[in-house]
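What follows is a single structure, written as structure tokens, with notes after it.
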Amino acid sequence: MVKTDIEIAQEQTLTPIVDIAEKAGFLDDEIEQYGKYKAKISLDAFDRLADKEDGKLVLVTAINPTPAGEGKSTVTIGLGDALNKEGYNTMIALREPSLGPVMGVKGGAAGGGYAQVLPMEDINLHFTGDIHAITTANNAIAALLDNHIHQGNALNIDPRRIIWKRVVDLNDRQLRHITDGLGGPINGVPREDGFDITVASEIMAVFCLAVSIDDLKERLSRIVVAYTYDRKPVTVGDLQIEGAITVLLKDAIKPNLVQTIEKNPALIHGGPFANIAHGCNSVLATKLALKSADYVVTEAGFGADLGGEKFLDITSRELPKHPDVVVIVATIRALKMHGGVLKSELTSENVEALVKGFENLKKHIDNMSSYGLPVVVAINEFITDTQAEIDALTDLLNEINIPVALTSVWADGGAGGIELANKVVEATSKESDFTYLYDLDLPIKEKIEVIAKNIYGADSVNFDKKALNQIKEFEKNGWDKLPVCMAKTQNSLSDDPTLIGAPTGFDITIRELIPKLGAGFIVALTGAIMTMPGLPKVPAAMNMDVDSKGNISGLF
Numbered sequence: 247m248v249k250t251d252i253e254i255a256q257e258q259t260l261t262p263i264v265d266i267a268e269k270a271g272f273l274d275d276e277i278e279q280y281g282k283y284k285a286k287i288s289l290d291a292f293d294r295l296a297d298k299e300d301g302k303l304v305l306v307t308a309i310n311p312t313p314a315g316e317g318k319s320t321v322t323i324g325l326g327d328a329l330n331k332e333g334y335n336t337m338i339a340l341r342e343p344s345l346g347p348v349m350g351v352k353g354g355a356a357g358g359g360y361a362q363v364l365p366m367e368d369i370n371l372h373f374t375g376d377i378h379a380i381t382t383a384n385n386a387i388a389a390l391l392d393n394h395i396h397q398g399n400a401l402n403i404d405p406r407r408i409i410w411k412r413v414v415d416l417n418d419r420q421l422r423h424i425t426d427g428l429g430g431p432i433n434g435v436p437r438e439d440g441f442d443i444t445v446a447s448e449i450m451a452v453f454c455l456a457v458s459i460d461d462l463k464e465r466l467s468r469i470v471v472a473y474t475y476d477r478k479p480v481t482v483g484d485l486q487i488e489g490a491i492t493v494l495l496k497d498a499i500k501p502n503l504v505q506t507i508e509k510n511p512a513l514i515h516g517g518p519f520a521n522i523a524h525g526c527n528s529v530l531a532t533k534l535a536l537k538s539a540d541y542v543v544t545e546a547g548f549g550a551d552l553g554g555e556k557f558l559d560i561t562s563r564e565l566p567k568h569p570d571v572v573v574i575v576a577t578i579r580a581l582k583m584h585g586g587v588l589k590s591e592l593t594s595e596n597v598e599a600l601v602k603g604f605e606n607l608k609k610h611i612d613n614m615s616s617y618g619l620p621v622v623v624a625i626n627e628f629i630t631d632t633q634a635e636i637d638a639l640t641d642l643l644n645e646i647n648i649p650v651a652l653t654s655v656w657a658d659g660g661a662g663g664i665e666l667a668n669k670v671v672e673a674t675s676k677e678s679d680f681t682y683l684y685d686l687d688l689p690i691k692e693k694i695e696v697i698a699k700n701i702y703g704a705d706s707v708n709f710d711k712k713a714l715n716q717i718k719e720f721e722k723n724g725w726d727k728l729p730v731c732m733a734k735t736q737n738s739l740s741d742d743p744t745l746i747g748a749p750t751g752f753d754i755t756i757r758e759l760i761p762k763l764g765a766g767f768i769v770a771l772t773g774a775i776m777t778m779p780g781l782p783k784v785p786a787a788m789n790m791d792v793d794s795k796g797n798i799s800g801l802f
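Just so we're on the same page, the working numbering is the position in the sequence shown counted from 1, plus 246.
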């Protein structure tokens with residue numbers, strides 16, 4: 247019987263985090279322990295490492311996700327372990343899991359099989375409290391904003407034009423649209439309100455893009471929370487509360503150190519969703535890893551059309567370092583689904599569907615290559631893959647001169663990623679000619695059109711009246727030089743989740759734009775994307791339990 251991820255994780259003997267920190271090169275006074283196996287790294291480490299040369303940066307992304315699974319985090323962790331096995335000083339940088347998908351349908355984000363980060367249960371649940379701190383910071387702004395209105399509204403805020411929502415780190419559709427402040431004058435000003443999931447909060451985006459506490463405070467002050475009756479933006483700085491919000495985040499901003507099953511260091515910090523935010527771990531964690539290791543393996547959420555594009559066009563501008571190579575993860579199972587095969591039929595060999603679904607992978611390869619970066623494909627092996635399917639996919643990649651490696655890190659840990667590690671090292675030895683997808687001086691509409699046409703393959707972009715009015719307003723306010731963060735379904739290159747493979751002949755519709763001045767980008771909402779997901783009919787939470795000794799089961 248195949249062991250579950252949590253069973254494999256619970257069988258491991260963890261190394262004290264102080265020893266992992268020593269292996270990573272951190273000093274005793276730079277380690278702030280959260281129990282025996284977790285720690286935060288003091289920002290003082292940046293001062294000590296400031297003059298050290300950055301290591302090589304490996305970005306792991308994927309094809310559009312399917313119910314068949316791709317295993318991007320698993321490959322990221324396994325690749326890091328494989329590089330360490332090959333003698334390269336390597337550190338992994340990952341996002342923190344959100345309780346929304348953990349309790350919902352997707353599950354956790356600590357890897358799988360023998361390519362996991364530990365302690366898996368802690369990482370997938372409350373960890374070091376970072377997401378709770380972000381939730382509190384977000385809701386403190388909401389409370390202080392409503393209190394300002396209740397106490398006389400000196401800033402002349404229009405309650406109908408408050409754009410700052412409260413958040414909770416769960417999928418709770420019931421809270422998407424609410425009315426609050428009811429019960430008379432002593433209970434506030436009645437208004438329509440709503441909740442987002444915490445990882446969609448601008449606080450999370452700010453948290454992940456800030457490079458210091460001072461930068462964090464400055465970014466927080468720029469966040470737009472509402473508009474006045476004469477339609478002027480109101481910021482956190484206008485409310486004079488950026489100092490208090492920074493106080494709530496002063497410990498959370500320190501990167502978290504844990505270990506892989508193979509006792510290698512991993513930094514896990516920050517966790518914005520990639521379909522409704524920028525989908526990358528914190529810039530601070532990535533920068534710290536780059537100063538501490540010769541190779542850094544990080545991942546971007548969902549497919550390369552979302553997290554990959556956003557890492558390159560948003561996160562890379564803040565590092566400032568672009569990746570040296572992009573690894574695209576694919577599974578034969580998922581490619582067959584993109585070729586039209588039902589999930590129930592994936593165990594049967596189907597080379598024809600695989601070849602058809604390859605168009606999705608090829609589009610992502612073309613997209614990442616267009617940035618001037620080398621691309622390596624990792625085939626994440628499943629037991630149901632047949633030799634004929636493996637050979638067919640390998641041949642297709644060889645025909646377009648893309649290095650490919652069959653990886654078995656779920657079953658074999660780092661040993662199953664040696665071929666991938668060597669091909670990544672070879673790719674990073676070559677000179678790249680990186681270029682951003684678009685220039686920041688382009689108008690907002692043109693930036694959106696460049697992303698939609700070049701990355702998604704859309705014919706054109708339609709802008710709803712509300713979005714057009716917002717573009718005019720943003721241009722008037724001088725916000726048009728910011729990058730664009732597209733909020734789009736992860737399941738398709740288009741904004742229609744049912745269009746699998748590499749669709750053509752479609753349009754993208756932009757229905758609304760949201761200014762995220764603290765994060766430093768404009769969010770463009772497409773299709774029916776929601777900033778508060780809902781739970782499935784059978785949530786993952788229904789399979790979770792804990793025994794009398796505190797041992798957790800059903801977490802994956």
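Positions of the beta carbon are idealized from the N, C-alpha and C atoms, including for glycine.
Handout entry: Three CB pairs or more closer than 8 angstroms across the segment 637-650 and the segment 340-357
Key = With the cut-off at 8 angstroms, the segment 637-650 and the segment 340-357 do not touch.
Exercise for the section: Please go through the same chain and pick out, in chain order, the residues whose beta-carbon is closer than 6 angstroms to the beta-carbon of residue 237, but skip the five residues on each side of it. Expected result: In the structure displayed, the chain extends from 247 to 802; residue 237 sits before or after that span and is not available.
Exercise for the section: Give the single residue among 414, 397, 378 and 587 whose Cα lies nearest to the Cα of residue 496. Expected result: Among 414, 397, 378 and 587, the Cα nearest to that of residue 496 belongs to 378.
Exercise for the section: Name the residue from 786, 779, 479 and 270 whose alpha carbon lies nearest to the alpha carbon of residue 443. Expected result: When each option's Cα is compared against that of residue 443, the closest is 779.
Practice task
Just tell me which of 728, 750 and 756 has its CA closest to the CA of residue 734.
Solution key: That would be 756, whose Cα lies nearest to the Cα of residue 734.
Practice task
Tell me whether the beta-carbon of residue 427 lies closer than 8 angstroms to the beta-carbon of residue 434.
Solution key: Yes, the Cβ-Cβ distance between residue 427 and residue 434 is below 8 angstroms.
Practice task
Taking residue 439 as part of the beta strand (DSSP E), name the residues at either end of that continuous run.
Solution key: For residue 439, the enclosing beta strand (DSSP E) begins and ends at 437-439.
Practice task
Quick one: residues in its chain with C-beta nearer than 6 angstroms to the C-beta of residue 520, no 5 flanking neighbours on either side, listed in chain order?
Solution key: 547, 548, 552 and 553.
Handout entry: Same chain, Cβ closer than 6 angstroms to residue 251, neighbours up to 5 away in sequence not counted
Key = The answer, listed in chain order, is 358 and 802.
Practice task
Return yes when the Cβ of residue 303 is within less than 8 angstroms of the Cβ of residue 570, no when it is not.
Solution key: In contact: residue 570 and residue 303 (Cβ atoms closer than 8 angstroms).
Problem - Nearest to residue 746 (by Cα), restricted to the options 385, 588, 690 and 708 - result: Checked all of 385, 588, 690 and 708; the closest Cα to residue 746 is 588.
Practice task
Would you mind stating whether residue 728 and residue 564 have Cβ atoms separated by less than 8 angstroms?
Solution key: Going by beta carbons, residue 728 and residue 564 fall outside the 8 angstroms limit.
Practice task
Under the assumption that residue 354 contacts residue 370 (Cβ atoms under 8 angstroms), give the Cβ distance between them as a whole number of angstroms.
Solution key: Contact holds; Cβ gap of about 4 angstroms.
Handout entry: residue 614, enclosing alpha helix (DSSP H) - first and last residue
Key = Residue 614 -> alpha helix (DSSP H) spans 597-615.
Exercise for the section: Kindly indicate which three-state DSSP category residue 498 falls into: helix, strand or coil? Expected result: Residue 498: coil per DSSP, three-state reduction.
Exercise for the section: Return the first residue and the last residue of the alpha helix (DSSP H) that residue 349 is part of. Expected result: Where residue 349 is concerned, the enclosing alpha helix (DSSP H) stretches over 345-349.
Problem - Opening and closing residue of the alpha helix (DSSP H) in which residue 329 lies - result: Run containing residue 329: 318-331, per the alpha helix (DSSP H) assignment.
Problem - Range covered by the alpha helix (DSSP H) that runs through residue 731 - result: Element bounds for residue 731: not the alpha helix (DSSP H) but the beta strand (DSSP E), 730-733.
Problem - Secondary structure, alpha helix (DSSP H): runs of 4+ residues fully inside the segment 396-457 - result: Contiguous alpha helix (DSSP H) elements confined to the segment 396-457 occur at 448-455, taking only those with 4 or more residues.
Problem - Straight-line Cα distance separating residue 631 from residue 759 - result: Each residue's Cα considered, the two are about 43 angstroms apart.
Exercise for the section: Within the same chain, show all residues whose beta-carbon is closer than 6 angstroms to that of residue 686, passing over the 5 residues directly before and after it, in chain order. Expected result: Excluding sequence positions up to five before and after residue 686, its CB lies within less than 6 angstroms of the CB of 727, all in the same chain and listed in chain order.
Exercise for the section: Alpha carbon to alpha carbon, how far is residue 677 from residue 662? Give it in angstroms, no decimals. Expected result: In a straight line, the C-alpha of residue 662 is about 27 angstroms away from that of residue 677.
Problem - Paired residues, beta bridge with residue 754 - DSSP - result: In the DSSP output, where bridge partners are listed per residue, residue 754 has 707.
Exercise for the section: Have a look at 362, 774, 368 and 421 and flag the residue whose alpha-carbon is nearest the alpha-carbon of residue 412. Expected result: Nearest of 362, 774, 368 and 421 to residue 412, Cα basis: 421.
Practice task
Just mark residue 702 as buried or exposed, buried being the case when its beta carbon has 16 or more other beta carbons within 10 Å.
Solution key: So residue 702 counts as buried.
Exercise for the section: May I ask which residues mark the beginning and end of the alpha helix (DSSP H) holding residue 583? Expected result: Taken as a continuous stretch (DSSP letters only), the alpha helix (DSSP H) holding residue 583 covers 578-584.
Exercise for the section: Reducing DSSP to helix, strand and coil, say where residue 366 ends up. Expected result: Reduced to three states, the DSSP call for residue 366 is helix.
Handout entry: Which listed residue (406, 613 and 383) has its alpha carbon closest to that of residue 445
Key = The residue with the shortest Cα to Cα distance from residue 445 is 383.
Practice task
Would you tell me roughly how many angstroms separate the C-alpha atoms of residue 394 and residue 404, rounded to the nearest one?
Solution key: Rounded to whole angstroms, the separation of the alpha carbons of residue 404 and residue 394 is 12 angstroms.
Exercise for the section: Just mark residue 629 as buried or exposed, buried being the case when its beta carbon has 16 or more other beta carbons within 10 Å. Expected result: Looking at its Cβ environment, which holds fewer than 16 other Cβ atoms inside 10 Å, residue 629 is exposed.
Handout entry: Span separating the alpha-carbon of residue 481 from that of residue 672
Key = Going by the C-alpha atoms only, they are around 48 angstroms apart.
Exercise for the section: Rounded to whole angstroms, what's the CA-CA distance from residue 576 to residue 417? Just pull it up for me. Expected result: One C-alpha to the other measures close to 27 angstroms.
Practice task
Enumerate in chain order the residues of its own chain whose CB-to-CB distance from residue 487 is below 8 angstroms, with the five nearest sequence positions on each side excluded.
Solution key: Excluding sequence positions up to five before and after residue 487, its CB lies within less than 8 angstroms of the CB of 386, 387 and 390, all in the same chain and listed in chain order.
Practice task
Verify whether the separation of the beta carbon atoms of residue 622 and residue 542 is less than 8 angstroms.
Solution key: At least 8 angstroms separates the beta-carbon of residue 622 from that of residue 542.
Problem - Contacting residues, own chain, Cβ-Cβ under 7 angstroms from residue 451 (five flanking each side not counted) - result: Sequence-distant partners of residue 451 (beyond 5 residues in either direction) whose C-beta falls short of 7 angstroms from its own C-beta, in its chain, are 518, 523, 524, 762 and 765.
Handout entry: Own chain partners of residue 316 with C-beta closer than 8 angstroms, once the 5 adjacent residues on each side are dropped
Key = Same-chain partners within the cutoff: 308, 309, 575, 576, 577, 580 and 626.
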